[in-house]
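Quick note: the sequence shown, position 190, residue 190 per UniProt numbering, numbers continuous. Beta carbons: idealized from backbone N, C-alpha and C, even for Gly. A quick note: this is a predicted structure, and the numbers were derived from the prediction, not measured. Quick notes on the structure that follows.
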Amino acid sequence: MLSRPHLHFLPSCSITNRLLHRSSAAFPNPPRGTRAPLSGSSTSIDNILSSDKSPLPSAIFLPPSHSPRDFSRTGKNFVQFVQRRSTVLQAITGDGDEMDEYRFPDSRLKKKMDDPEKTPLLLVACGSFSPITFLHLRMFVMAADYVKHNTDYEMIGGYLSPVSDAYKKQGLAPAEHRVAMCQLAIDKASSWLMVDPWEAEKKEYQPTAKVLDHFDHEINVIRKGIDTGNGTRKPVKISLLAGADLIQTMSTPGVWSEKDLDHILGRYGTFIIERSGTDIDEALASLQNYRDNIHVIQQLIQNDVSSTKIRLFLRRGMSVQYLIPAPVVEYIEQNHLYRDDARSSSTTSIQHADSDKGKSKEVPTAS
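This is how it looks when you write it as structure tokens:
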């Protein structure tokens, strides 16, 4: 699976004011799989993290490769930019709990198709992102490769849509922090990924189906799709990008409403990242009516990182370097996030990995 030359996202006034009270260092300059025991240890990582024993023995964690790019409005420059534009932010976002005016981030959207014969595709990842990890970013990259080599779609952009605080999920950091961390994660690591604060800023929980409708409206109604390059415009295919655990919940009776399920899989479809330990075939068997609209992407290099594990590491004072983007690590440290998460239990099994890419209102998933 997939990924702005300059910032397209302006936080709401309430978020901005809180961020500006912090040091500009909060925005530093940039500079899933069986679980085998660690080498030299007969105890699994799951048991270690769910016990009161000492931290893990030394281990090496390698992050996925990235292609950093240089953009001007990032890091400390972002804070200065927000300060200079404070009056504009007042007019754009207002002072309420929700945005009085909303500006859809589109600066990294492809403006014109390379191949007008293909179908333009936009991927949306909905989730908690508490915090965002390298796997969240890798999902988009894996999806992009899959789309390029196995479909007749042409990728025009990707969005991260953090859930609102109304979701009340275990381990959920305030929306202002999750949006900021997502923004920091993509600022210099991607040229086509964007963060849309629309869902995060909502006072009430927004079902995934409604979130996808929002993107469809912004792209196909307001912007009339995309320029094909031959004088015409095409409607863009909006699809949900998620992990295999989402398909398992969708195939479980009673978790998702039939109406929402049909709306998501029937109208929009989904690109699913295969995950070790998840039986996708069994899940797909109960979703045969939507089989043509469900794309399963194989994860060639297993990545078992999850937000749940990151939070557990942090609560135990263990390093998460090279597991999540460096600017996010620094932001977490600057804002003292996840150190004493009263909503999480120290005995929580790390095997309950998070589903940060989709969710149903009826049964929240851990993240």
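1) Quick check on Asp245: buried or exposed, where buried means 16 or more other Cβ atoms within 10 Å of its Cβ?
2) If you reduce the DSSP assignment to three classes, tell me which class Glu218 lands in.
3) Would you mind reading off the limits of the beta strand (DSSP E) that contains Phe271?
4) Do you know how far the Cα of Asn335 is from the Cα of Ala143?
5) Pick out the complete alpha helix (DSSP H) segments inside the segment 313–337, 4 residues or longer, and give them in chain order.
6) Considering Cα atoms alone, identify which of Val305, Glu282, Lys309 is closest to Met139.
7) In chain order, which alpha helix (DSSP H) runs of at least 4 residues are fully inside the segment 133–217?
8) Helix, strand or coil for Leu287? Go by DSSP, reduced to three states.
9) Are the beta-carbon atoms of Gly277 and Pro116 separated by less than 8 angstroms?
10) Return the chain-ordered list of same chain residues with a C-beta closer than 6 angstroms to the C-beta of Asn293, the five sequence neighbours on each side being excluded.
11) Grab me the residues of Tyr102's own chain with a C-beta within less than 7 angstroms of its C-beta, minus the 5 sequence neighbours each way, in chain order.
12) Taking only three categories from DSSP, how would you classify Asp292?
13) So, Ala105 versus Asp196, is the Cβ gap smaller than 8 angstroms?
14) Sort Ser286, Ser251, Ala285, Gln302 by Cα distance to Ile273 and report the nearest one.
15) Alpha carbon to alpha carbon, how far is His177 from Pro253? Give it in angstroms, no decimals.
16) Can you tell me whether His214 is buried or exposed? The criterion is at least 16 other CB atoms within 10 Å of its CB, across all chains shown.
17) Can you tell me the Cα-Cα spacing of Ile186 and Met194, whole angstroms?
18) Using 10 angstroms around the beta-carbon of Lys237, count the other beta-carbons present and answer buried if the total reaches 16, otherwise exposed.
19) First and last residue of the alpha helix (DSSP H) that includes Ile247?
20) Using CA coordinates, which residue listed in Leu312, Asp262, Ser307, Gln299 is at the minimum distance from Tyr290?
21) Does DSSP classify Arg267 as helix, strand or coil?
22) Hey, would you say Thr133 sits closer than 8 angstroms to Ser239, going by beta carbons?
23) In the structure shown, what three-state DSSP assignment does Arg233 receive?
24) Determine the contact status of Tyr153 and Leu109, defining contact as a CB-CB distance below 8 angstroms.
25) Have a look at Met113 and Val211 and give me their C-alpha separation to the nearest angstrom.
26) To the nearest angstrom, how far is the alpha carbon of Lys111 from that of Gly317?
27) If you draw a straight line from the alpha carbon of Glu258 to that of Asp279, how long is it in whole angstroms?
For this structure:
1) buried
2) helix
3) 270–273
4) 32 angstroms
5) 326–335
6) Val305
7) 134–150, 175–187, 208–216
8) coil
9) no
10) Leu265, Gly269
11) Trp198
12) helix
13) The sequence given here places Pro at residue 105; Ala does not occur at that position. Yes, they are a contact pair.
14) Gln302
15) 34 angstroms
16) buried
17) 7 angstroms
18) buried
19) 244–250
20) Asp262
21) helix
22) no
23) strand
24) no
25) 25 angstroms
26) 45 angstroms
27) 22 angstroms
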